[in-house]
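Here the structure is laid out as structure tokens; the discussion comes afterwards.
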Amino acid sequence: MKLLTVLGSTGSIGTNTLDVVRRGALGANHRYGVYALVAGRNVETLVSQIREFRPKVAVVATSSDLDRLIQSLESAGMPRSQWPELGYGEETRIQASVAPEVDAVISAIVGVNGLTATYEAIRRGKRIGLANKEVLVTCGKLVMDAVKEFGAELVPVDSEHNGAHQCLRAGNRHAVARLILTASGGPFRNTPVEALAKVTPEQALNHPTWRMGNRITIDCATLMNKGFEVIEACWLFGFPPGQVDVVIHPQSTVHAMIEYTDGSVLAQVAATDMRMPIQYALTYPDRLEAPVPKINWAQPRQWDFIPPDFEKFPLLKLAYECQEAGGSATCTLNAADEIAVEAFLEGKIAFPAIHEIVRDTLSRMPLGQPRTVGDVLEIDAQSRVIARELVRARAGAVTA
Ligand SMILES: NC(=O)c1ccc[n+]([C@@H]2O[C@H](COP(=O)([O-])OP(=O)(O)OC[C@H]3O[C@@H](n4cnc5c(N)ncnc54)[C@H](OP(=O)(O)O)[C@@H]3O)[C@@H](O)[C@H]2O)c1
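When you number the sequence shown by our numbering, it's gap-free, plus one each residue, and the end is 407.
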């Protein structure tokens with residue numbers, strides 16, 4: 008039995024990961040038990056996961072979350088002898104990820120809180136199923152250098168990169184001409200640009216094809232998420248940004264395509280269910296039966312591919328520019344976007360202001376060259392301060 012740590016066990020990717028483990032669908036060579044469940048504040052879900060998966064370790068975000076976890080375990084009537092080791096915060100997240108017993112880590116905490124634990128697991132040569140965007144968007148060079156140095160296996164869980172990972176197995180890397188990432192286009196694909204100023208958080212959260220956490224759902228509506236994916240793809244597969252294309256594919260069934268130099272294009276196609284890429288990340292290079300719907304080829308279907316509108320969705324363009332600029336630009340891009348998305352969800356700013364806050368934060372932050380994860384976190388924190396000031400100025404202007 009292999010042992011797994013799930014960073015972000017209570018989230019959308021985390022619960023899908025546990026469903027893959029629950030179904031025991033991973034075959035005799037890939038049977039996983041749970042070493043650690045790492046969550047934030049959702050103590051109720053964590054308690055039910057503890058009862059079902061009996062991890063050795065369970066971690067929450069803060070000491071008050073830990074108090075609530077203890078109370079909930081008591082109220083659930085679980086005998087103390089059956090409790091896992093409990094902890095909170097960064098240090099315990101790291102220990103839960105680097106413990107020698109751990110074979111694989113699913114990295115699915117949203118935001119930079121999962122960064123150090125993932126990085127340290129890479130430095131211990133673990134297999135990482137990578138869902139968390141921030142790891143590569145903020146720290147791409149450091150992470151990829153560590154992957155090479157410590158021989159870690161970084162297998163992408165994000166459906167587009169997972170698709171590209173699969174397509175790249177068909178040919179030599181030097182024979183690859185381009186990577187094409189598909190995007191659903193989000194809920195505002197057909198909304199006129201003038202109407203975007205009036206869209207509500209509820210409309211933006213209504214993703215046409217995927218059910219995910221709030222931040223990533225808004226990032227899909229602005230196409231910022233696709234921009235992050237371009238950045239991630241550059242780091243994961245060693246492409247310059249100019250070799251990564253984005254195409255709108257509203258059916259979200261083709262996840263990625265690789266064009267080889269002979270003009271042949273290979274596409275990865277699967278139903279929209281994250282359990283397939285999660286399972287792939289856990290069993291690669293093996294393929295096993297997955298608990299996901301299969302495509303019914305007996306039914307007629309249509310697939311559309313439409314070029315993205317960079318003017319209507321300027322954050323996508325900004326992502327290419329930040330990756331070209333290198334250094335700390337993509338870290339600032341991510342931090343400012345997180346603050347702006349939060350402000351939009353709280354009704355403080357309008358939808359188009361997400362881009363304006365990010366753009367203005369980038370123009371105020373000097374371009375740095377982070378050498379450590381600590382440097383990255385420092386740049387992240389500074390960028391957030393600036394983005395918050397910009398939000399306050401705007402929210403003030405709106406109220407006045
Ligand atoms: N969902 C998808 O289909 C998908 C696809 C590709 C990539 N991703 C990426 O995967 C990551 C997770 O996405 P998601 O959709 O699963 O997000 P989500 O549903 O919002 O879940 C986020 C997880 O992070 C945990 N968390 C938040 N703050 C934390 C903290 N301070 N300390 C420890 N844990 C914390 C949450 O815990 P609590 O809930 O307990 O607070 C939760 O378990 C994101 O980076 C996203 O961009 C997601």
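Ideal Cβ placement from N, Cα and C applies to all residues, glycine included.
Nothing here was measured: the structure is a model prediction, and the numbers come from that model.
Next on the checklist: Please state whether the Cβ-Cβ distance between residue 254 and residue 237 is less than 8 Å.
Outcome noted: Their beta carbons are not under 8 Å apart, which means residue 254 does not touch residue 237 by this criterion.
Checklist entry - What runs of the alpha helix (DSSP H), each 4 residues or longer, lie entirely inside the region 92-170? => result 96-105, 122-130, 141-157
Next on the checklist: For a test of the three-state rule: what should DSSP assign to residue 205, helix, strand or coil?
Outcome noted: helix
Checklist entry - The beta strand (DSSP E) spanning residue 4 covers which residue range? => result Outside the modelled stretch of the chain, which goes from 8 to 407, sits residue 4, for which no answer is possible.
Next on the checklist: With H, G and I counted as helix, E and B as strand and the rest as coil, what does DSSP make of residue 23?
Outcome noted: helix
Checklist entry - Just how far apart, CA to CA, sit residue 49 and residue 38? => result 27 Å
Checklist entry - Starting from residue 262 and walking both ways along the beta strand (DSSP E), at which residues does that stretch end? => result Here the beta strand (DSSP E) through residue 262 covers 261-267.
Item to check | Selection from 345, 36, 29, 9 that minimises the alpha carbon distance to residue 294 | outcome: 36
Next on the checklist: Whole angstroms are fine: how far does the CA of residue 212 sit from the CA of residue 350?
Outcome noted: 14 Å
Checklist entry - Got a sec? Which residues, its chain only, sit under 6 Å from residue 83 by beta carbon, not counting five neighbours each side? => result 54
Checklist entry - Which same chain residues, not among the five before or five after residue 182, have their C-beta less than 8 Å away from its C-beta? => result So the list reads 267, 268, 269, once near-sequence residues are dropped.
Checklist entry - How many Å lie between residue 113 and residue 219 at the Cα? => result 16 Å
Checklist entry - Is it right to say residue 311 is buried, meaning 16 or more other beta carbons lie within 10 angstroms of its own, or is it exposed? => result exposed
Next on the checklist: When you compare the region 275-282 with the region 120-136, are there three or more beta-carbon pairs, one atom per stretch, that lie closer than 8 Å?
Outcome noted: no
Checklist entry - When burial is assigned at 16 or more other CB atoms within 10 Å of the CB, is residue 372 buried or exposed? => result buried
Checklist entry - Going by Cα to Cα distance, which pick from 105, 133, 288 is closest to residue 171? => result 288
Checklist entry - Using a Cβ-Cβ cut-off of 6 Å (strictly less than) and excluding sequence neighbours within five positions of residue 13, which residues of its own chain qualify? => result 21, 24, 44, 113
Item to check | Buried versus exposed, by CB contacts within 10 Å (16 or more), residue 144 | outcome: buried
Next on the checklist: By the three-class DSSP mapping on this structure, what secondary structure does residue 39 have?
Outcome noted: strand
Item to check | Whole-number beta carbon distance between residue 314 and residue 257, since they are thought to touch under 8 Å | outcome: No, residue 257 and residue 314 are not in contact; Cβ-Cβ is about 13 Å, not under 8 Å.
Next on the checklist: Quick check: is any heavy atom of ligand 1 less than 7 Å from the C-beta of residue 363?
Outcome noted: No, the beta carbon of residue 363 sits no closer than 7 Å to any heavy atom of ligand 1.
Next on the checklist: Taking 7 Å as the limit between beta carbons, can you name the residues of its chain near residue 210, skipping five residues before and five after?
Outcome noted: 194
Item to check | When 325, 248, 347 are compared against residue 364, the one with the closest alpha-carbon | outcome: 347
Checklist entry - Regarding residue 193 and ligand 1, is the C-beta to nearest heavy atom distance less than 7 Å? => result no
Item to check | ligand 1 heavy atom lying under 7 Å from the CB of residue 90 | outcome: Not one heavy atom of ligand 1 sits closer than 7 Å to the Cβ of residue 90.
Checklist entry - Which term fits residue 98, buried or exposed, when burial requires 16 or more other beta carbons within 10 angstroms of its beta carbon? => result exposed
Checklist entry - Whole-angstrom Cβ separation of residue 369 and residue 336, contact assumed at under 8 Å? => result 7 Å
Next on the checklist: Can you give me the C-alpha to C-alpha distance between residue 265 and residue 74, rounded to a whole angstrom?
Outcome noted: CA-to-CA, the gap between residue 265 and residue 74 works out to about 49 Å.
Checklist entry - residue 187 lies in the beta strand (DSSP E); which residues open and close that run? => result 183-190
Next on the checklist: Check this for me: beta carbons of residue 390 and residue 342, under 8 Å apart or not?
Outcome noted: yes
Checklist entry - Expressed to the nearest angstrom, what Euclidean distance is found between the alpha-carbon atoms of residue 88 and residue 63? => result 12 Å
Item to check | residue 163 to residue 234 span [Cα, whole Å] | outcome: Residue 234 has its alpha-carbon roughly 16 Å from the corresponding atom of residue 163.
Item to check | Outcome for residue 142 when other beta-carbon atoms lying within 10 angstroms are tallied against a minimum of 16 | outcome: buried
Checklist entry - So is the beta-carbon of residue 242 under 7 Å away from any non-hydrogen atom of ligand 1? => result no
Item to check | Segment limits, beta strand (DSSP E) that includes residue 65 | outcome: Looking at the DSSP string, the run of the beta strand (DSSP E) that includes residue 65 is 64-67.
Checklist entry - Beta carbon of residue 323, beta carbon of residue 366: below 8 Å? => result no
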